[in-house]
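Structure (structure tokens):
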């Protein structure tokens with residue numbers, strides 16, 4: 298008769314709901330896994346709102362501290378990632394309203410956003426870098442609601458429904474905003490090219 | 003939307019621009035926090051590590067530590083302050099004047115003057131604190147300084163400057179038995195027959 302060996306599943310395979318439950322029971326490693334699993338999404342949500350890496354990192358840290366203290370209030374109506382992103386988003390909005398963020402300055406820096414590896418050709422690389430800088434600049438000149446929506450959607454962490462929940466609008470509004478933002482961006486860049 | 007309108011590189015069509023937008027968006031999607039991780043959050047939260055010690059043991063240890071701290075604080079270092087010189091303080095001059103003629107020979111007066119000379123010639127210690135009150139009858143005498151002992155805490159022996167402590171040589175003339183027996187005091191102590 299084969300002996301059945303019960304192996305505890307790795308914490309990486311545990312669902313968010315189980316992690317939350319274990320963290321509520323005082324398992325600090327479970328909360329560590331929550332942080333590691335969702336820190337990128339939380340950071341990008343803050344970065345979309347604040348457009349500054351340092352501020353976004355601060356908000357990310359504060360978000361997880363708040364989440365730890367309010368873990369009991371998480372009812373599971375939405376996904377954990379959405380809940381965390383919403384905390385980060387609300388904090389970022391507060392910060393934006395207070396004007397504390399150090400925004401826009403870094404957008405003029407060519408290397409503010411690290412680009413994925415481009416062609417090895419230096420000439421093409423330089424050309425692409427200047428084009429990307431131009432695209433970035435135009436993105437951040439979009440109207441605020443369009444820019445926020447476009448960046449949140451582009452981050453790929455949240456679906457349209459979650460972004461709609463985050464921003465407090467309907468899902469259809471998110472779709473139209475993304476479409477409108479891209480169209481406006483495309484038109485501006487094409488106009489600049491002519 | 004923009005005023006200056008810098009020109010894009012020549013030849014971009016709609017497809018190229020879409021690709022450029024997508025690349026920038028992909029770069030944004032690849033952004034990751036550099037400072038924030040589970041460790042930094044845990045540190046910020048100061049989450050206590052799970053302890054295997056029972057709660058009553060931790061509580062007892064805490065009480066013990068607090069009690070020891072309070073007891074140690076109560077014992078605290080004794081602060082030594084310089085005593086003010088008052089009129090009732092005996093000074094070397096009066097001691098010398100009250101000495102009996104037999105005991106205060108030339109050797110005693112010489113030693114007293116030697117001590118005074120040494121005190122006068124001795125350089126003042128940098129940590130020395132002058133006496134708070136110098137009454138008039140003692141003016142002209144070398145100042146007696148009391149080295150402050152209150153500043154070093156805990157008190158260490160190195161802090162005491164050895165140069166500031168002067169122990170004057172005390173020379174006592176040997177008392178001779180005949181002198182005592184022949185003196186007027188010895189006659190008085192004897193009971194009269």
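Protein chains in written order, with my numbering: chain A, 298 to 491; chain B, 3 to 195. Ideal Cβ positions, reconstructed from N, Cα and C, are used throughout, including at glycine.
>> Runs of 3 residues minimum, wholly inside the stretch 300–361 of chain A: which ones carry the beta strand (DSSP E) assignment?
In response: Those beta strand (DSSP E) runs which fall completely within the stretch 300–361 of chain A and span 3+ residues do not exist here.
>> For residue 1 of chain B, count the other beta carbons within 10 Å of its own beta carbon; 16 or more makes it buried, fewer makes it exposed. Which is it?
In response: A query on residue 1 of chain B cannot be resolved here, the shown segment of chain B reaching from 3 to 195 and no further.
> By the criterion of Cβ-Cβ separation under 9 Å, what are the contact partners of residue 77 of chain B in chain A?
Replying inline: Per Cβ cutoff of 9 Å: no residues; residue 77 of chain B is ~40 Å from chain A at best.
>> Give me the chain B residues within the contact set of residue 457 of chain A, using Cβ-Cβ distance strictly less than 9 Å, ordered along the chain.
In response: Chain B residues near residue 457 of chain A: none, gap ~15 Å exceeds 9 Å.
> How far does the alpha helix (DSSP H) with residue 387 of chain A in it reach, from first residue to last?
Replying inline: Per DSSP, residue 387 of chain A belongs to the alpha helix (DSSP H) from 377–395.
>> So residue 248 of chain A and residue 478 of chain A are supposed to be a Cβ contact under 8 Å. How far apart are they, rounded?
In response: In the structure as shown, chain A begins at 298 and stops at 491. Residue 248 of chain A is therefore absent and cannot be evaluated.
> Where does residue 472 of chain A sit, in a helix, a strand or coil, going by DSSP?
Replying inline: Residue state, collapsed to three classes: helix.
>> Rounding to the nearest angstrom, what Cα-Cα distance links residue 391 of chain A and residue 489 of chain A in this structure?
In response: Rounded to the nearest angstrom, the two C-alpha atoms are 35 Å apart.
> With C-beta atoms as the reference, is residue 330 of chain A less than 9 Å away from residue 39 of chain B?
Replying inline: No.
> According to the neighbour-count rule (16 or more other Cβ atoms, all chains shown, within 10 Å of its Cβ), is residue 45 of chain B buried or exposed?
Replying inline: Exposed, because fewer than 16 other Cβ atoms sit within 10 Å of the Cβ of residue 45 of chain B.
>> My output table needs one value for residue 439 of chain A: the three-state DSSP class, helix, strand or coil.
In response: Residue state, collapsed to three classes: coil.
>> Between residue 35 of chain B and chain A, is any beta-carbon pair separated by less than 9 Å?
In response: Contact with chain A is found for residue 35 of chain B, since one of that chain's Cβ atoms lies less than 9 Å from the residue's Cβ.
> Excluding sequence positions up to five away, which residues of its chain have a Cβ less than 8 Å from the Cβ of residue 450 of chain A?
Replying inline: Close CB contacts of residue 450 of chain A within its chain, under the 8 Å cut and outside five residues either way in sequence, are with 457, 460, 471, 475 (chain order).
>> So, with DSSP's three-state summary, where would you put residue 98 of chain B?
In response: At residue 98 of chain B the pLDDT is 44, less than 50, meaning the model places this residue with poor confidence; the figure from the coordinates comes in the next sentence. Of the three classes helix, strand and coil, the one that applies to residue 98 of chain B here is helix, per DSSP.
>> Can you give me the C-alpha to C-alpha distance between residue 313 of chain A and residue 366 of chain A, rounded to a whole angstrom?
In response: Within the model, the alpha-carbon separation for residue 313 of chain A versus residue 366 of chain A is close to 17 Å.
>> Taking the straight line between their C-alpha atoms, what separation do you get for residue 430 of chain A and residue 355 of chain A?
In response: Between the alpha carbons of residue 430 of chain A and residue 355 of chain A lies a distance of about 25 Å.
>> Between which residues of its own chain and residue 453 of chain A is the CB-CB distance below 6 Å, once the five residues before and five after are set aside?
In response: Within the same chain, residue 453 of chain A has no close Cβ partners at all.
> Under 9 Å Cβ-Cβ, which residues of chain B neighbour residue 348 of chain A?
Replying inline: Within chain B, no residue has its beta carbon less than 9 Å from that of residue 348 of chain A; the closest one is some 10 Å off.
> For a contact meaning CB atoms closer than 7 Å, what does residue 27 of chain B contact in chain A?
Replying inline: By Cβ distance, chain A contributes 451.
> residue 169 of chain B to residue 76 of chain B, Cα distance in whole Å?
Replying inline: Those two C-alpha atoms are separated by around 34 Å.
> Who are the neighbours of residue 443 of chain A on chain B, taking C-beta pairs under 8 Å?
Replying inline: Simply none; closest approach about 12 Å.
>> Please report the distance separating the alpha-carbon of residue 317 of chain A from that of residue 67 of chain B.
In response: Approximately 36 Å between the Cα atoms of the pair.
> When we look at the beta-carbon of residue 486 of chain A and count the other beta-carbons within 10 Å, is it buried (16 or more) or exposed?
Replying inline: Buried, by the Cβ-count rule.
> Which residues bound the alpha helix (DSSP H) around residue 65 of chain B?
Replying inline: Secondary structure note for residue 65 of chain B: its alpha helix (DSSP H) is the uninterrupted segment 57–77.
> Does DSSP classify residue 176 of chain B as helix, strand or coil?
Replying inline: Residue state, collapsed to three classes: coil.
> With 9 Å set as the bound, which would you pick, yes or no: does the beta-carbon of residue 392 of chain A sit closer than that to a beta-carbon of chain B?
Replying inline: No, residue 392 of chain A does not count as interfacial toward chain B.
>> Given this structure, state the Cα-to-Cα distance separating residue 24 of chain B from residue 17 of chain B, to the nearest angstrom.
In response: Answer to the nearest angstrom: the Cα atoms are 11 Å apart.
>> Any beta carbon of chain A sitting closer than 9 Å to that of residue 43 of chain B?
In response: Residue contact with chain A for residue 43 of chain B: present (Cβ-Cβ distance below 9 Å to some residue of chain A).
> For the stretch 333–348 of chain A against the stretch 358–365 of chain A, are there 3 or more C-beta pairs whose distance is under 8 Å?
Replying inline: Counting Cβ pairs under 8 Å, three or more are found: they touch.
>> I want to see whether chain B comes within less than 9 Å of residue 325 of chain A, judged by CB atoms only; does it?
In response: Closer than 9 Å: yes.
> When DSSP labels each residue in this structure, what does residue 419 of chain A get in the three-state scheme?
Replying inline: Note: residue 419 of chain A maps to helix in three-state DSSP.
> How many whole angstroms separate the CB atoms of residue 344 of chain A and residue 33 of chain B, which I take to be in contact at a CB cut-off of 8 Å?
Replying inline: Residue 33 of chain B and residue 344 of chain A do touch by the CB rule: their CB atoms are close to 6 Å apart, below 8 Å.
>> In this structure, how does DSSP classify residue 18 of chain B when only helix, strand and coil are distinguished?
In response: Reduced to three states, the DSSP call for residue 18 of chain B is helix.
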